[in-house]
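Counting from 0, one number per residue, gives the positions in the sequence shown under numbering that gives the first Met the number 0. All C-beta atoms, glycine included, are put in the ideal place defined by N, C-alpha and C.
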Amino acid sequence: MKILKDTIKQLTLPTPYAVGDVHVYLLIGHRLTLVDAGVKTEDCWNAFVEQLKGLGYRPEDIDQVILTHHHPDHTGLVERLPNVDTIAGHVKLKPWLERDEEYFDRYESFFQNIYKESGVPDRYLPLLKGIRKTLKWTSKGKLTHALSEGDRLPGHEEWITIETPGHAQSHLSFLREEDGAFIGGDHLLSHISSNPLLEPPYQAGAPRPRPLLQYRHSMEKLLGRTITTVYPGHGKIFNHAHMLIPDRLKKQEQRANKVLAMFNEGALRAYDVCKRLFPKHIENQFGLTMSETIGQLDYLEKIGELTVSYEDGEKLYTIK
Numbered sequence: 000m001k002i003l004k005d006t007i008k009q010l011t012l013p014t015p016y017a018v019g020d021v022h023v024y025l026l027i028g029h030r031l032t033l034v035d036a037g038v039k040t041e042d043c044w045n046a047f048v049e050q051l052k053g054l055g056y057r058p059e060d061i062d063q064v065i066l067t068h069h070h071p072d073h074t075g076l077v078e079r080l081p082n083v084d085t086i087a088g089h090v091k092l093k094p095w096l097e098r099d100e101e102y103f104d105r106y107e108s109f110f111q112n113i114y115k116e117s118g119v120p121d122r123y124l125p126l127l128k129g130i131r132k133t134l135k136w137t138s139k140g141k142l143t144h145a146l147s148e149g150d151r152l153p154g155h156e157e158w159i160t161i162e163t164p165g166h167a168q169s170h171l172s173f174l175r176e177e178d179g180a181f182i183g184g185d186h187l188l189s190h191i192s193s194n195p196l197l198e199p200p201y202q203a204g205a206p207r208p209r210p211l212l213q214y215r216h217s218m219e220k221l222l223g224r225t226i227t228t229v230y231p232g233h234g235k236i237f238n239h240a241h242m243l244i245p246d247r248l249k250k251q252e253q254r255a256n257k258v259l260a261m262f263n264e265g266a267l268r269a270y271d272v273c274k275r276l277f278p279k280h281i282e283n284q285f286g287l288t289m290s291e292t293i294g295q296l297d298y299l300e301k302i303g304e305l306t307v308s309y310e311d312g313e314k315l316y317t318i319k
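In structure tokens:
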């Protein structure tokens with residue numbers, strides 16, 4: 000645990016995930032606010048209570064939670080904070096916090112369809128049932144305050160909201176313009192590149208999001224902001240965002256060139272590309288690798304390097 004500036008305190012909590020510990024942040028201002036809330040395990044809760052005590056607070060003292068996004072390692076302890084009367088975040092948090100079964104059904108149908116058109120073998124389809132299993136690590140709650148681009152944080156008016164979709168459709172980051180402090184959730188991490196993850200459209204019938212394209216745009220727009228110190232969801236606090244962002248963009252472009260070279264021998268489906276791009280990880284990280292693969296194909300299609308056709312319900316990519 001590190002003491003940061005006088006109004007920001009960092010707490011570091013264990014998770015059961017490969018990414019390791021997650022950071023949450025206490026904002027001390029007109030309200031006592033927790034930004035992100037770890038994962039719903041006893042180990043995480045005990046670490047949270049102990050570190051909170053070291054700062055002179057109890058869980059009962061927190062009256063507001065602000066969430067950067069809906070993933071389980073950021074939302075788990077919300078329901079264990081008895082005096083929280085405000086839960087703020089992006090409107091796209093609602094189906095996750097409020098357990099919208101209709102949305103979850105659409106989620107499964109979306110992936111069944113996109114995997115089918117991508118040429119994914121049937122043996123992977125049972126993985127789609129895993130969405131509801133992940134809910135055990137998250138809290139139920141009601142989004143009481145929807146935040147969008149430019150909104151000030153309740154009780155912390157010096158902080159503004161920046162919409163940063165890509166890693167998640169619900170992802171928000173928060174910037175204190177006075178000194179450039181940036182609470183970025185999983186948008187920008189110093190030690191690893193965030194995964195832009197596939198999700199269904201929030202509104203039924205809308206075009207599907209293109210997470211890698213969104214993620215690139217979200218990073219590019221930060222270059223126009225003064226950012227001094229990044230307080231991330233994972234890894235070390237860092238102060239070189241404006242050096243890291245161009246590097247991340249360049250590496251994505253280099254991977255895209257690697258993908259493009261695969262098409263020299265003819266048309267491929269997304270699953271074919273995924274097997275070639277991630278031969279060691281496709282089996283144990285199937286969802287992540289397919290998200291990354293489809294993101295790369297979206298990018299290559301967007302910049303005019305690939306064209307799309309359909310054959311027997313499957314989506315084929317070829318070089319233009």
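Residue i vs residue j beta-carbon contact at 7 Å
| i | j | result |
| --- | --- | --- |
| G303 | G232 | no |
| H29 | G154 | yes |
| D72 | T14 | yes |
| V18 | L12 | no |
| V77 | V90 | no |
| A36 | G75 | yes |
| I244 | M261 | no |
| T288 | V272 | no |
| S169 | T163 | no |
| Y298 | A255 | yes |
| L146 | I159 | no |
| D60 | V83 | no |
| G118 | Y214 | no |
| T85 | T143 | yes |
| K314 | E116 | yes |
| I182 | Y24 | yes |
| L196 | S108 | no |
| H166 | S193 | yes |
Range covered by the beta strand (DSSP E) that runs through residue i
| i | result |
| --- | --- |
| S217 | Element bounds for S217: not the beta strand (DSSP E) but the alpha helix (DSSP H), 210–221. |
| Q63 | 63–65 |
| W44 | Per DSSP, W44 belongs to no beta strand (DSSP E); it is in the alpha helix (DSSP H), 41–53. |
| T160 | 155–162 |
| Y56 | Unbroken run through Y56: none, as it is neither H nor E. |
| E313 | 313–318 |
| F173 | 171–175 |
For residue i, the three-state DSSP class (helix, strand or coil)
| i | result |
| --- | --- |
| P245 | helix |
| S189 | coil |
| Y201 | coil |
| F277 | coil |
| I113 | helix |
| K91 | helix |
| P125 | helix |
| R254 | helix |
| I182 | strand |
| I226 | coil |
| K135 | helix |
| V307 | strand |
| V34 | strand |
| S108 | helix |
| I130 | helix |
| L196 | coil |
| L80 | coil |
Among the options, the one whose alpha carbon lies nearest that of residue i
| i | options | result |
| --- | --- | --- |
| L296 | D121, I244, R209, E282 | R209 |
| L187 | F262, I226, G286 | I226 |
| R105 | P199, H70, L134 | P199 |
| R79 | I161, E156, K39, R122 | K39 |
| T137 | P120, L96, N112 | L96 |
| E176 | R98, I61, E156 | E156 |
| P263 | L305, S290, H239, K279 | A small fix is needed here, since residue 263 is Asn in this sequence, not Pro. The candidate whose alpha carbon is nearest that of N263 is L305. |
| L259 | R224, I182, K301 | K301 |
| H190 | F110, E101, G53, G234 | G234 |
| F285 | F47, K93, M242, L127 | L127 |
| M242 | G223, N45, R151 | G223 |
| L267 | S308, Y230, D246, D99 | S308 |
| P58 | A46, A203, L124, P81 | P81 |
| I318 | G265, E282, H280 | G265 |
| E49 | R151, Q9, H70, K220 | Q9 |
7 Å Cβ cutoff, residue i in contact with chain D
| i | result |
| --- | --- |
| I130 | Included in the structure is just one protein chain, with no chain D present. |
Boundaries of the alpha helix (DSSP H) in which residue i is found, first to last residue
| i | result |
| --- | --- |
| K301 | 285–301 |
| T143 | First-last for T143: undefined, no H or E at that position. |
| H73 | 71–74 |
* Uninterrupted beta strand (DSSP E) stretches inside the stretch 2–31 (no shorter than 3 residues) -> 7–12, 21–27
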